[in-house]
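Participant:
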Ligand SMILES: [Zn+2]
Ligand SMILES: [Zn+2]
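Numbering (this note's numbering), first residue to last: 103 to 367.
See the structure below:
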């Protein structure tokens, strides 16, 4: 499971980067991934942390920002209030403030007050937390975004790393999965410079069989390492010399099979 999720995270990050808050990944991470990945937020955060740990994801353009000490959310509302009585009726002069309510005079820093937009916690500059935020980019990712885009363009709402329970009771993951007219359609994508190991195809066939997949597409880029002429019971192998070619082939096949209702541009 984990390898499928990691592959998709890295693929997304290789194209546009992932905006995130590494000190608090559980709460604030990767909305565009969560939309299509069949995984919980917490599990996704764990995968991201692991990828950062082994430097498959690197933080670029990082900067420090203030965050809520309670929940870690950045970007709180800022206001100035009297640190003694809480009044907002202040007279501000340069870096000094004078409370018009209780009369205390203090540094502006002392009067800074933050309201967390996420949990509602109120905190001040002294107990605020500083976090580093930025964009995560993948190093050496297998970029399969072209497949995701093709499906989207066809009006298909496919889940990524979809977990499907087979009749054996085993949970299998497919890179892309969707249902249309009561048919289950699964796609796996493998990219291997010297040819995709045919074992991966066999695994796909077994998974597809166990899960009663009606149409299965195994995409091998640039090809399988052994020439196989496998076309059986709804399983099709697509070999394309690059991911764009393979995506295009998949598109033509899906259109031809009449699985697409939307007009394609
Ligand atoms: Zn006051
Ligand atoms: Zn908070």
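All C-beta atoms in this analysis are idealised placements derived from N, C-alpha and C, irrespective of residue type, glycine included. In this text, all values refer to a predicted model and were calculated from it rather than measured experimentally.
#1: So, for residue 312: in the same chain, excluding its five sequence neighbours on each side, which residues have a beta-carbon less than 8 Å away from its beta-carbon?
#2: Using C-beta distances below 6 Å, list every residue in its chain close to residue 263, excluding the 5 sequence neighbours before and after it, in chain order.
#3: Is any non-hydrogen atom of ligand 1 found closer than 7 Å to the C-beta of residue 184, if you look at the structure I gave you?
#4: Taking 7 Å as the line, does the beta carbon of residue 172 fall inside it for any heavy atom of ligand 2?
#5: What distance in whole Å lies between the Cβ atoms of residue 214 and residue 180, which are believed to be in contact at a cut-off of 8 Å?
#6: So the candidates are 156, 165, 245, 142; which of them puts its Cα closest to the Cα of residue 122?
#7: Exposed or buried, which one is residue 358 when buried takes at least 16 other CB atoms within 10 Å?
#8: When the Cα of residue 209 is compared with those of 216, 143, 199, 203, which residue comes out closest?
#9: Mind reading off the beta-carbon distance from residue 247 to residue 114? Whole number of angstroms is fine, and I expect it under 8 Å.
#10: For residue 206, is the beta carbon positioned less than 7 Å from some heavy atom of ligand 1?
#11: If we ignore side chains and look at the alpha-carbon of each, how far apart do residue 326 and residue 283 end up?
#12: Which residues bound the alpha helix (DSSP H) around residue 347?
#13: Within the continuous alpha helix (DSSP H) that includes residue 294, where are the two ends?
#14: Regarding residue 220 and ligand 2, is the C-beta to nearest heavy atom distance less than 7 Å?
#15: Report yes if the C-beta of residue 175 is less than 7 Å from at least one heavy atom of ligand 1; otherwise report no.
#16: Kindly identify the DSSP beta-bridge partner or partners of residue 211.
#17: By DSSP's criteria, residue 145 is part of a beta bridge. Which residues make up the other side?
#18: From the DSSP output, read off the bridge partner residues of residue 162.
#19: Which value, in whole angstroms, describes the spacing of the CA atoms of residue 310 and residue 278?
#20: Using three-state DSSP, classify residue 115 as helix, strand or coil.
#21: For the segment 169–218, which segments carrying the beta strand (DSSP E) assignment without a break, of at least 3 residues, lie completely within its bounds, in sequence order?
#22: May I have the straight-line CA-CA distance separating residue 236 from residue 317, to the nearest angstrom?
#23: On the three-state DSSP scale, how would you describe residue 308?
#24: Hey, residue 337 and residue 320 are a contact pair by Cβ (cut 8 Å); roughly how many whole angstroms apart?
Facilitator: This is what the structure gives:
#1: Within the chain shown, residue 312 is the residue found at index 210, counting from 1. Closer than 8 Å at Cβ, skipping near neighbours: 268, 269, 270, 272, 274.
#2: Translated into the one-based positions of the chain shown, residue 263 becomes position 161. Closer than 6 Å at Cβ, skipping near neighbours: 106, 107, 110, 139, 140, 275.
#3: One-based indexing of the chain shown puts residue 184 at position 82. For ligand 1, at least one heavy atom lies less than 7 Å from the Cβ of residue 184.
#4: As a working mapping, residue 172 is identified with position 70 in the chain shown. At a threshold of 7 Å, residue 172 counts as near ligand 2, since its beta carbon sits closer than that to one of the ligand's heavy atoms.
#5: Translated into the one-based positions of the chain shown, residue 180 becomes position 78. Translated into the one-based positions of the chain shown, residue 214 becomes position 112. Contact holds; Cβ gap of about 7 Å.
#6: Indexing the chain shown from 1 puts residue 122 at position 20. It is 165 whose Cα lies nearest to the Cα of residue 122.
#7: Sequence index remark: in the chain shown, residue 358 carries index 256 (1-based). By the neighbour-count rule (16 or more Cβ atoms within 10 Å), residue 358 is not buried but exposed.
#8: On the chain shown, position 107 is the one that residue 209 refers to. Nearest of 216, 143, 199, 203 to residue 209, Cα basis: 199.
#9: By one-based count along the chain shown, residue 247 stands at place 145. By one-based count along the chain shown, residue 114 stands at place 12. Yes, residue 247 and residue 114 are in contact; Cβ-Cβ is about 7 Å, under 8 Å.
#10: For the purposes of this step, residue 206 is taken as the residue at position 104 of the chain shown. Yes, since a heavy atom of ligand 1 falls inside the 7 Å radius drawn around the Cβ of residue 206.
#11: Residue numbering aside, residue 326 sits at position 224 when the chain shown is read from its first letter. Residue numbering aside, residue 283 sits at position 181 when the chain shown is read from its first letter. So the two alpha carbons sit approximately 31 Å from each other.
#12: The residue given as residue 347 occupies position 245 in the chain shown. Where residue 347 is concerned, the enclosing alpha helix (DSSP H) stretches over 345–358.
#13: Translated into the one-based positions of the chain shown, residue 294 becomes position 192. Looking at the DSSP string, residue 294 is not in any alpha helix (DSSP H), and its letter there is neither H nor E.
#14: Counted from its first residue, the chain shown places residue 220 at position 118. Yes; taking the cut-off as 7 Å, the Cβ of residue 220 has a heavy atom of ligand 2 nearer than that.
#15: Working through the chain shown from its first residue, we reach residue 175 at position 73. The nearest non-hydrogen atom of ligand 1 is 7 Å or more from the C-beta of residue 175.
#16: On the chain shown, residue 211 is found 109 positions in, with the first residue counted as 1. Note: residue 211 sits in no beta bridge, so no partner.
#17: Here residue 145 is taken as the residue at index 43 of the chain shown, counted from 1. Per DSSP, none; premise fails for residue 145.
#18: The residue you call residue 162 lines up with position 60 of the chain shown. Beta-bridge pairing links residue 162 to 237.
#19: Translated into positions along the chain shown, residue 310 becomes position 208. Translated into positions along the chain shown, residue 278 becomes position 176. Computed Cα separation, rounded: 12 Å.
#20: Position 13 of the chain shown, counted from the first residue, corresponds to residue 115. Helix.
#21: 179–182, 192–195, 198–201, 207–209, 214–217
#22: Counting from one through the chain shown, the residue named residue 236 turns up at place 134. Counting from one through the chain shown, the residue named residue 317 turns up at place 215. Straight-line Cα distance between these residues: approximately 40 Å.
#23: As a first step, residue 308 is located in the chain shown; it is residue number 206 there, counting from the start. DSSP places residue 308 in helix when its eight states are reduced to three.
#24: Along the chain shown, read from residue 1 onward, the residue named residue 337 stands at position 235. Along the chain shown, read from residue 1 onward, the residue named residue 320 stands at position 218. With 8 Å as the limit, residue 337 and residue 320 qualify as a contact, their Cβ atoms being about 7 Å apart.
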